[in-house]
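Notes to accompany the following structure.
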Amino acid sequence: MMVRKNTKFAATTLAAMAVPTLALAHSGVSTTGFMQGFEHPISGLDHVLAMVLVGAFAFQLGGGAFWLLPPTFVLATAVGGGLGMMGMTIPLVESGIAMSVVILAAIVALDIKTSAGVAMGAASLFAIFHGHAHGAEMPENTGGAIYALGFVIATAVLTVGGIGLASLLHIAHEPSRRVIRQSVGGIAAIVGVGLLAGQL
């Protein structure tokens, strides 16, 4: 029953997030800045992995964390993006992004449980790094608000996608579920370590 509710939530959220895109397409507003913002998270393997893993982590925790973790991560990404667009410097951003992949992958692979508060705090820290990278790399002559809308929606889509994938995995029998979770998490962690090594 929980899986069905979570899957319905993921589908509903994805549909709701499509509304701003459709509205832009019919409003006469240029979508160039929006698409540039939208493409930034989905074009980087580090961003994709972290955001999908956050969604999987939220599903894994369940309860209040299921509802609080994804929007907290998205909001913190927007804050980080704002800092990046303002030109504020955050040290070791790329290393922080790579480390977020390693830590989140390990959490998912090992099925680690934490309180909602701890999960939200960690996710917010990771999101600041990811968001800062989006904001700092905003192309010139691009509207900040429309660009931010793009990467915020992309972040939400990837996070909800992680919830959807985790809910599908939950349908599998426990031995298979554990093997798949550990394998996928392990591969993601290895990728994260490789990304981190590239920053050293």
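Residue numbering for the sequence shown is -25 to -1, 1 to 175, as defined by mature numbering (1 follows the signal peptide of the UniProt record, and there is no 0). Note that CB positions come from ideal geometry on N, CA and C, so glycine has one too.
For this session: Could you name the residues of the same chain whose beta carbon sits closer than 6 Å to that of phenylalanine 104, not counting the 5 residues immediately before and after it, in chain order?
Result: Taking phenylalanine 104 as the centre and dropping the five residues before and after it, the same chain places the C-beta of Val68, Gly71, Ile72 closer than 6 Å to its C-beta, in chain order.
For this session: Report back the beta-carbon spacing between residue 180 and valine 49 to the nearest angstrom; my notes put them in contact at under 8 Å.
Result: Here the chain comprises residues numbered -25 to 175, so residue 180 is not present and cannot be evaluated.
Exercise. Are there three or more Cβ pairs, one per stretch, closer than 8 Å when the segment 101 to 116 is compared with the segment 54 to 65?
Worked result: Flag = yes, the segment 101 to 116 and the segment 54 to 65 touch.
Exercise. Is the Cβ-Cβ distance between tyrosine 122 and glycine 30 less than 8 Å?
Worked result: Their beta carbons are not under 8 Å apart, which means tyrosine 122 does not touch glycine 30 by this criterion.
Exercise. Which two residues bound the contiguous alpha helix (DSSP H) that contains aspartate 86?
Worked result: Premise fails: aspartate 86 is in no alpha helix (DSSP H) and is neither H nor E.
Exercise. Looking at leucine 170 and arginine 156, is the spacing between their C-beta atoms short of 8 Å?
Worked result: Inclusion of arginine 156 and leucine 170 in the CB contact set at 8 Å is not warranted, their separation being larger than that value.
Exercise. Nearest-angstrom Cα distance between alanine 102 and arginine 153?
Worked result: Distance between the alpha carbons of alanine 102 and arginine 153 is about 27 Å.
For this session: Would you identify the three-state DSSP class for alanine -1, choosing helix, strand or coil?
Result: Note on alanine -1: pLDDT 42, under 50, position unreliable in the model; the coordinate value appears next. DSSP places alanine -1 within a helical segment (H, G or I) once states are collapsed to three.
Exercise. Comparing alpha-carbon positions, which option in Gly8, Thr7, Met26 lies nearest proline 16?
Worked result: It is Met26 whose Cα lies nearest to the Cα of proline 16.
For this session: Decide if proline 150 is buried, meaning its Cβ has at least 16 other Cβ atoms within 10 Å, or exposed.
Result: Counting every other CB atom within 10 Å of its CB across the protein chains shown gives proline 150 a total below 16, marking it as exposed.
Problem set entry | C-alpha distance - glycine 57 paired with histidine 107, whole-angstrom precision | Roughly 7 Å between the two C-alpha positions.
Exercise. Is glutamine 11 helix, strand or coil by DSSP?
Worked result: Helix.
Exercise. Thinking C-beta only, is alanine 33 closer than 8 Å to isoleucine 138?
Worked result: Alanine 33 sits close to isoleucine 138, with the two beta carbons spaced by under 8 Å.
For this session: Report the three-state DSSP secondary structure of leucine 79 (helix, strand or coil).
Result: In the structure shown, leucine 79 sits in a helix (DSSP, three-state: H, G or I).
For this session: Give the DSSP-derived three-state secondary structure of histidine 107 in the structure shown.
Result: Of the three classes helix, strand and coil, the one that applies to histidine 107 here is helix, per DSSP.
Exercise. Leaving out five residues before and five after proline 45 in sequence, what residues of the same chain have Cβ atoms less than 8 Å from its Cβ?
Worked result: Once the five neighbours on either side are set aside, the close Cβ partners of proline 45 are Val29, Gly30, Ala33, Ala131, Thr134, Val135, Ile138.
Problem set entry | Close beta carbons around alanine 40, own chain, < 7 Å, minus the five adjacent residues each side | Excluding positions up to five away in sequence, the list reads Ala33, Ala91, Ala94.
Problem set entry | Bounding residues of the alpha helix (DSSP H) (the contiguous stretch that carries methionine 60) | Element bounds for methionine 60: 38 to 60.
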